[in-house]
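Visitor: The structure under discussion is supplied below as structure tokens; questions concerning it will follow.
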């Protein structure tokens, strides 16, 4: 698990990037819909699951 301060810094950096991209009228560099975001979460969870399986088997 990541330290809380690192997660907050990453969230803040993402927020700033989102504001900057909207300010200069560029599309945001992230999936615009929930299904895209959940796909990214799924990729991450699959990676964590693989690490867990390799560790125990």
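Residue numbers (this note's numbering): 3 to 59.
All C-beta atoms in this analysis are idealised placements derived from N, C-alpha and C, irrespective of residue type, glycine included.
As the structure is a prediction and not an experimental result, all values here were calculated from the model.
#1: When every heavy atom of the ligand MG is checked, does at least one fall within less than 6 angstroms of the C-beta of residue 46?
#2: When DSSP labels each residue in this structure, what does residue 14 get in the three-state scheme?
#3: So what's residue 35 in DSSP terms, helix, strand or just coil?
Guide: Taking the structure as given:
#1: Within the structure as shown, the ligand MG is missing, as the structure has no ligands at all.
#2: helix
#3: coil
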